[in-house]
Structure formats: structure tokens, C-alpha cells
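Numbering (the working numbering), first residue to last: 836 to 1148. Glycine included, C-beta positions come from ideal geometry on N, C-alpha and C. What follows is a single structure, written as C-alpha cells, with notes after it.
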Amino acid sequence: MSKILYAPESCRFNGPGRLPDPHPTRSWRRRVSRQPVVLITGTSSGIGLAVAVAAAQAGWHSVATMRDTARAPRLIEAAQVAGVAGRIEVRQLDVTDAGQIADCFGAVVTDHGRLDAVINNAGAGHLGTVELEPVEEIRAAMELNFFGVVQVTRAAMPHLRASGGRLMTVTSVGGVIGQPFNEAYCAAKFAVEGFMEALAPVAATVGVSVSVIEPGAVASDFVANVGVDPQTMLEAAGPYAGALSAYLARTRSQFANAAQSADEAANRIVEALTADKPAFRLQTSDSAQQFIGLKLADLDGSAVQGATSGWVG
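Encoded structure:
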């Protein structure tokens, strides 16, 4: 059973459902003016937390989901500071649990009578290289970062068809450019990019807009949440120790001096959420755009290999 963990009385709505709109694009602004509902996964910190608040500030009702609701106070405090606590509710959702996903979506639509957008944001970093980690750990990373997105998307589509809504998925520059010691993470993000690129024209035939969001380095808890102690990893790295040490030093510097805050990234995402016709692919910073541009202009792969080789030596 899906339960609301936090929702002031002022934000609860139990109005009637709506029939599918035969002209979803033309009626988008009309529907937005009636406080549309967006469900966001992975909102306990970072970009997800910031998007939940920014969407509420833009007039949306944010259904902010997270696996561990003990981490909800940080979001609730941010919502109160921003003056939007009445437009944010917190629900528990583990994107690897199909039953919980179905319950959550059913409850949200029952409680609000509508669902206008879904933002896939839940995920976690995964440091490692194939020779040094069990296949089970690689599978677990794919389960969260790829199949979690697939399961949420599958549950969302019937409701987004009914509203002529929007499906947005936060991937990464690591979904376009493979990065050292991120094989499993990049594999999952590459898979998400391909999945959404293939889905987009199909979803458009039933009135659903699909977009992917590609952040670069963002000042958040993401690096701290990779689930591995760097020193322990270094001690077990064997012949890869030198390359790993160089990579970790570069990564610490990059994230410590990140050019973009989670709030800035969230504002770009909400701009796309509220746009009349959002692009399929959006980078949240100039640096991300430049980095991805390197790959798109690199037909033989030498430019990307030259750039990323410098990260490990």
C-alpha cells in the first residue's frame, strides 16, 4: 500500500479523473494553469530534491518519492524555506520494486485525479572496473539505474497517455561518453539514452512527450553515494591502482569545483518541463554541452579516447 509520508492538508486533492485529451499539445497551457501533478523519483537529495522544490515554485504539485523516507526532512525543510510546503508531498518508492511502483502510481492518480508528468531521477553512481568486481554488483547497478527507469516508465505511460503528459529522465554526460572506472554506471546510462530515444517517437503518437536530461558535474551528494570507500578500493586495485588514484583525484577536484549547483540544474529541468515543445535532449550546463558535443563530432572515437585517457594518467 502506497502511503503519503508528508502532505499538508492544503495540498491534497481528490477531484475527478479526466478523459484523454485528443489535442494534448494545443491544450498544454490550459492544463498547466490548473496545478498539474508531477511525480519525481529520487528526491532525498541533489537534483531530485531541487527539482521537487523548483517545480512547486513553478506552480506544479510535486509528488516527491524516495526509497528511504527517513531522509525526507531535508526536502521538507527546503520546501518550507521556499514557501511551497503546501505543494509538495513525500511518498515512499523503491524503483526496483515493481509492486511498490504500481501501488504508488495508482494511489497518486486516485488521490489527485491526474498525473501530468513523471521525472525519472532515482539512481546511484557505481565505481569499479570489470576485472575487480563481481558480476552481481554490475547487475545490481543495472537494476537500479536502467531497469528502475524502465519499470517506472512502464507504470507511468497509461497515465501520461490520458493527460497528454511528459516523461523526462535524468541521465548524465556518462550516458553519452564512457568514463574510466564507470563501466557499469555508463552502461546503464547509455541503455537509458537508447531506450528513451527509441521510445520518444512511439510515445509521441499517443500524445506523450519524452526528453532526456544530461547533467555534467553537479555539486551534490552523488559522489558520496557511490557505495564504496575509495581507500578500500585503491588497496584492492592491484595493477589499476595508479590509474584509479589519478581518476579519483580528478573526480574530487571536478566535483569540489563544480560549475553548476543542483538548483541551477533543476531550474533548467523545470524550464523544459514547462516549455510548449521541449527538446528531446537537454544538457543542464555549458560544460556538459561542450563535452557531449565532443562525442557527437567524433566519428572514429579518437577525440573522446584522447580526452578520457588523460583522466587516468
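Taking 7 Å as the threshold (C-beta atoms), are residue j and residue i in contact?
i       : j       : result
Phe1016 : Thr964  : yes
Val987  : Val930  : yes
Glu1049 : Ala1123 : yes
Val953  : Ala991  : yes
Ser1096 : Ala1054 : yes
Val916  : Ala890  : no
Arg949  : Ser1007 : no
Gly877  : Asn956  : yes
Ala959  : Leu928  : no
Val984  : Val943  : no
Ile973  : Ala937  : no
Val1027 : Phe982  : no
Val1045 : Leu1002 : yes
DSSP puts residue i in a beta bridge; with which residues?
i       : result
Gln1001 : Going by the sequence as given, residue 1001 is Arg instead of Gln. Looking at the DSSP assignment, Arg1001 forms a beta bridge with Ala952 and Ser1044.
Gln1095 : Val1053
Arg1116 : Val1047
Leu874  : Val898 and Val953
Asn1017 : Gly963
Would you call residue i buried or exposed, if buried means 16 or more other Cβ atoms sit within 10 Å of its Cβ?
i       : result
Asp951  : buried
Phe1115 : exposed
Arg926  : buried
Asp1064 : exposed
Thr1067 : exposed
Val888  : buried
Phe945  : Residue 945 is actually Thr in this sequence, not Phe. Label assigned to Thr945: exposed.
Ala1022 : buried
Val1105 : buried
Gln1125 : exposed
Point to revise | Cβ contact check for the segment 918-929 and the segment 888-904: 3 or more pairs under 8 Å | key: yes
Review point. Pairing CB atoms from the segment 1038-1045 with CB atoms from the segment 1073-1088, are three or more of them under 8 Å?
Key: no
Practice item. Decide if the segment 877-889 is in contact with the segment 960-977; the criterion is three or more beta carbon pairs, one per stretch, under 8 Å apart. Key: no
Point to revise | Any beta strand (DSSP E) of 3 or more consecutive residues that is wholly inside the segment 895-943 | key: Runs of the beta strand (DSSP E) lying entirely within the segment 895-943 and spanning at least 3 residues, in chain order: 896-901 and 923-927.
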